[in-house]
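J.: The following block contains the structure, expressed as structure tokens.
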Amino acid sequence: MMATGLQQLTPGKYLFFGTPIQQEGQNIMVSGFSAKAIALINGDSGIEATVQEYDISLVISKRSTHILDGKFMEAHKLYTWPANLGDPKAWASSKQVFFEQHLINQAIEVLNVLEEQQITWKFIPLPLFQAAAKEAQAVSLLTSIFPEL
79 MMATGLQQLT PGKYLFFGTP IQQEGQNIMV SGFSAKAIAL INGDSGIEAT
129 VQEYDISLVI SKRSTHILDG KFMEAHKLYT WPANLGDPKA WASSKQVFFE
179 QHLINQAIEV LNVLEEQQIT WKFIPLPLFQ AAAKEAQAVS LLTSIFPEL
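Shown next, in the form of structure tokens:
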């Protein structure tokens, strides 16, 4: 299971940073990962910005959906599956490579989350994330983590 203290993804925009961390759990066949992100979530008083550690495993779970060019695809097809499907370390390695190459330092938008932890998400252009950060008055937070922006 997932480690306690990790936030679940909810509808909003996220910019992940740092290194994905493998979560140790009882189910060693399905390794989970977490990563820190600047999250821009619609709150009661507009867009709110936070920096927290999120469970990112659902981004590429079999239940989740990724939208690319208006087409829906099963999110677990985004990464390369290991040759030996019975090797938990190979699965963890494949997931970690995907997260490092395609999720860290990339902006995404979670469009919806269903009760069964099914998420629908897509990559978004960095300027769109920056505009939302500006609206949330979180530009200084964004530039403190990503000085190059």
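79 is the number of the first residue of the sequence shown in our numbering; add one for each residue after it. Think of the CB as a built atom: it goes at the ideal place given N, C-alpha and C, for glycine as much as any other residue.
#1: Are the region 172 to 181 and the region 117 to 131 in contact at 8 Å, needing three or more beta carbon pairs?
#2: From K173 to Q85, what distance separates their C-alpha atoms?
#3: Please name the residue in K149, F207, A153 whose C-alpha comes closest to that of S135.
#4: How many Å lie between W199 and V137 at the Cα?
#5: Using a Cβ-Cβ cut-off of 7 Å (strictly less than) and excluding sequence neighbours within five positions of H144, which residues of its own chain qualify?
#6: Compute the beta-carbon to beta-carbon distance between T88 and I116, rounded to the nearest angstrom, for a pair I have assumed lies under 8 Å.
#7: Enumerate in chain order the residues of its own chain whose CB-to-CB distance from L93 is below 7 Å, with the five nearest sequence positions on each side excluded.
#8: Using the Cα positions of S171 and V217, report the straight-line distance between them to the nearest angstrom.
#9: Out of S139, K149, P98, which one is the CA nearest neighbour of W159?
#10: Between which two residues does the alpha helix (DSSP H) carrying S123 extend?
T.: This is what the structure holds:
#1: no
#2: Start at 1 with the first residue of the sequence shown, and residue 173 comes out as number 95. Start at 1 with the first residue of the sequence shown, and residue 85 comes out as number 7. Answer to the nearest angstrom: the Cα atoms are 19 Å apart.
#3: Within the sequence shown, the letter at position 57 stands for residue 135. Closest by alpha carbon: A153.
#4: Counting from 1 along the sequence shown, the entry for residue 199 is found at position 121. Counting from 1 along the sequence shown, the entry for residue 137 is found at position 59. Rounded to the nearest angstrom, the two C-alpha atoms are 8 Å apart.
#5: In the sequence shown, the residue the question calls residue 144 occupies position 66. Excluding positions up to five away in sequence, the list reads M151, A153, L156, W199, K200.
#6: Counted from its first residue, the sequence shown places residue 88 at position 10. Counted from its first residue, the sequence shown places residue 116 at position 38. That belief does not hold up - the Cβ atoms of T88 and I116 are roughly 14 Å apart, past 8 Å.
#7: Within the sequence shown, the letter at position 15 stands for residue 93. Counting only Cβ-Cβ distances below 7 Å, and skipping sequence neighbours, we find A115, I116, A185, F207.
#8: Mapped onto the sequence shown, residue 171 falls at position 93. Mapped onto the sequence shown, residue 217 falls at position 139. Answer to the nearest angstrom: the Cα atoms are 34 Å apart.
#9: Sequence index remark: in the sequence shown, residue 159 carries index 81 (1-based). That would be S139, whose Cα lies nearest to the Cα of W159.
#10: Looking up residue 123 in the sequence shown gives position 45. Element bounds for S123: n/a, residue is neither H nor E.
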